[in-house]
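Here the protein sequences line up with chains A and B, keeping their order.
According to my numbering, the residues represented by the first sequence are 1 to 196, in order.
According to my numbering, the residues represented by the second sequence are 197 to 574, in order.
We put the CB at the ideal spot given by N, CA and C, even for glycine.
Here the structure is a predicted model, which means the values were calculated and not measured.
Right, one structure below, let's go through it.
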Amino acid sequence: MILRPDLLTIAEFIPENARILDLGCDDGELLAYLIEHKQARGSGIELSEEGVLACVRRGLSVRQGNIEEGLADYPDASLDIVILSQTLPFLNNPSFVINEMLRVGTRAIVSVPNWGYWRCRLEFLMTGRVPQFPDFEQKWDGEKRWQLFTLSDFEDLTQWIGVEIDNRVYLEGNQKIDRGARWRARTAVYALTKSS
Amino acid sequence: MIVPIQTFTFAKDDPFVLESGLTLSPVNLSYETWGTLNAEKNNGILICHALTGSAHAAGYHAEDDQTAGWWDDCIGPGKAFDTDKFFVICSNVVGGCYGSSGPTEINPETGKAYGLNFPVITIGDMVRAQVELINYLGIDKLVCVAGGSMGGMQVLEWAAHHAERVHAAIPIATTTHHSPMEIAFGEVGRQAIYADPRWNNGDYHESGESPDAGLAVARMVGHITYLSEESMHQKFGRRLHNLEKYGYEFETEFEVESYLRYNGSKFTSRFDANSYLYITKAMDYFDLTQPSGTLAAAFTQSTNLRYLVVSFTSDWLYPSYHSKELVRALTVVGADVTYLDIESKWGHDAFLLEVDTMTGLLQSFLGRLEKEILAGTK
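Structure below.
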């Protein structure tokens, strides 16, 4: 099974035998990988019927519904890790969801696109158009709404809401970026915990 | 697929004690099976029927039988409940009128039909009778129990109170407790039967004159709750039945009237009015939130099961939020739950009509159970 680079990085953050929940788990690719390779005990929350059916085909346990309502059903500290991959820009209330993730889980793993990526900056400058997603094809069709933010914006947000960044990996494709990440990374994966 | 009706009798000596405290002896259960029970006896699936269903869930009773069992779309070789792999069982509920003990049965003490002398039964009683049948068949643990509507209530009763006997529960288009609205619809149906003079306080089995008019109205009310506004628009609209224009009289004029009358009257030839009273009453009593007061408490001993909860977006009899409450309770206790709210315009009836989605979903879920049980991982 070959995973998208940011999903592989998420998988690196997950210890063996963890109790996990994948928010917006899509067709269950990551979840299935974590159960197979990390012996995770996990389930997902997914809004689309196709996504849920695809997950059940993989033998996964998934609840259909939106992330906010789904998370609300979980008792405090009932899981080890709650995952949110590439979904943050689509949420109505990202800070609420991050806090909820850390109420339910000990750790939250969040992967985000970076609109501060140099191509995005250049595109805006040169064409005068708001750049599309830095890491995958998604053209604005007027149907879905998403929030554009950079890695700097996201890291500021974690400070405002009092969440600690435990670990982070910046990625350009499958390359890990050390220097100049705010310009050079297309995506980033963060491990978050509650501030002590 | 020709399938025989079988009968299992228990409580011949020790009477079956009901939730009400009353007893029944003996108890007959009519049942049918499809597929073959394997040597390990670990491939059994129990299907639970809805209010007016019977043990005849699939196949035909005779070569020239016109209609197949009520869930024939989903039970059979290669179907959702694949009878090449699983041994599928369905029994008529206690209180029913398709061969199991109920008000139409002859009371051995009087030699006459029980009528209203039959004790009031509950969903819990129906399920404890099914447990006796599963014991008799030599099955220690079922792969799953599945059913829609009242069948789903029985599924939840199995999960809550007989958790050690099932690997998985598949409650479909159902509820954990009857809401006031559902009780209200039940009561309208019962009042229609009481109001029919032929009902005669339930004592009509000997007279040969049954309360068909009352039962037909009860069925008509029920039928409306199984549809949706959209499906009624689509099926009938405001179309007239065999008429060009309004007749300005009180004959059946609209297509929807004709449909309800036809189904009401057809129903009286296949169902017993007293059975309708008993079964609707059992559904009204159903409330898994009791006695503890919380739904989660009902499932604290049932967290080892796999759950597949299914609802339908246009079902207003058991709306999706009923299933979501169940999913919430199962999540709170840490159970393994999969939930899908299937997009459908067919109302409550969707559970029998959305065959493609249901087949895909059930096959995937059962495939997983099969692997887990064979691998002994559970």
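Distance between R19(A) and T106(A), taken at the CA atoms: about 10 Å.
Cβ-Cβ separation between Q64(A) and E50(A): approximately 11 Å, too far for a contact (criterion under 8 Å). Nearest neighbour of R4(A) by Cα position, chosen from R103(A), A181(A), T187(A) and N66(A), turns out to be T187(A). Contiguous beta strand (DSSP E) elements confined to the stretch 466 to 505 of chain B do not occur, taking only those with 3 or more residues. Contact fails between the stretch 519 to 528 of chain B and the stretch 319 to 332 of chain B, because fewer than three Cβ pairs, one in each stretch, are under 8 Å apart. Sixteen is the threshold: since fewer than 16 other Cβ atoms of the shown chains lie within 10 Å of the Cβ of N17(A), the residue is exposed. For R415(B), the closest Cβ of chain A is not nearer than 7 Å. Burial check for H37(A): the Cβ neighbour count within 10 Å stays below 16, so the residue is exposed. With a 10 Å radius around the Cβ and a threshold of 16 neighbouring Cβ atoms, F467(B) comes out buried.
Interface with chain A (7 Å Cβ-Cβ cutoff): F561(B) is included.
Contacts between E425(B) and chain A, judged by CB atoms closer than 9 Å, are missing: the closest CB pair is about 22 Å apart. Contact between the stretch 451 to 462 of chain B and the stretch 510 to 519 of chain B is absent: fewer than 3 CB-CB pairs across the two stretches fall below 8 Å.
Scanning chain B for C-beta atoms nearer than 8 Å to the C-beta of G59(A) yields S560, G563, R564 and K567, reported in chain order. Residues of the stretch 533 to 549 of chain B with a C-beta atom less than 8 Å from some C-beta of chain A are V533, T534, Y535, L536, D537, I538 and E539, listed in chain order. Cβ contact annotation for Y422(B) (same chain, cutoff 8 Å, sequence separation greater than five): L513, G543, H544 and D545, in chain order. Sequence-ordered contacts of the stretch 30 to 50 of chain A with chain B read S43 and E49 [C-beta pairs closer than 8 Å]. Close CB contacts of T9(A) within its chain, under the 7 Å cut and outside five residues either way in sequence, are with V169, L171 and V189 (chain order).
Contact note: G556(B) reaches chain A through L53, using a C-beta cutoff of 7 Å and chain order.
Excluding its 5 nearest sequence neighbours in each direction, N66(A) has C-beta neighbours in its own chain below 7 Å: L47, listed in chain order.
L491(B) places its beta carbon less than 7 Å from that of T372(B).
Close CB contacts of M346(B) within its chain, under the 6 Å cut and outside five residues either way in sequence, are with A246, L247 and M479 (chain order). When CB distances to chain B are screened at a threshold of 8 Å, not a single residue of the stretch 92 to 109 of chain A falls below it. The beta carbon of V52(A) sits closer than 6 Å to the beta carbons of E46, V62 and Q64 from its chain, once the five residues preceding and following it are set aside; these are given in chain order. Contact check between the stretch 304 to 319 of chain B and the stretch 214 to 222 of chain B: three or more CB pairs, one atom from each, fall below 8 Å, which counts as touching. For V523(B), the closest of R502(B), N234(B) and K308(B) by C-alpha to C-alpha distance is R502(B). In this structure, Q326(B) places its C-beta atom within 7 Å of the C-beta atom of S287(B).
Cα atoms of L436(B) and Q262(B): separation of roughly 29 Å, rounded to the nearest angstrom.
Within the same chain, no Cβ atom closer than 6 Å to the Cβ of D73(A) is found once the five residues on either side in sequence are excluded.
Interface flag for V528(B) against chain A is set, since a Cβ pair is found closer than 7 Å. At a cut-off of 7 Å between beta-carbon atoms, R394(B) makes no contact with chain A. Judged by their CB atoms, R121(A) and S152(A) are not nearer to each other than the 7 Å cut-off. Per DSSP, P367(B) is one residue of the beta strand (DSSP E) stretching across V362 to I368. Contact annotation, V551(B) with D269(B): C-beta distance approximately 5 Å; criterion of less than 8 Å satisfied. When G382(B), N397(B), A254(B) and A356(B) are compared, the shortest CA-CA separation from F314(B) is found for N397(B). Per DSSP, K275(B) has no beta bridge partner at all. Distance check between S196(A) and each of E164(A), A185(A) and R184(A) places E164(A) closest, using alpha-carbon atoms only.
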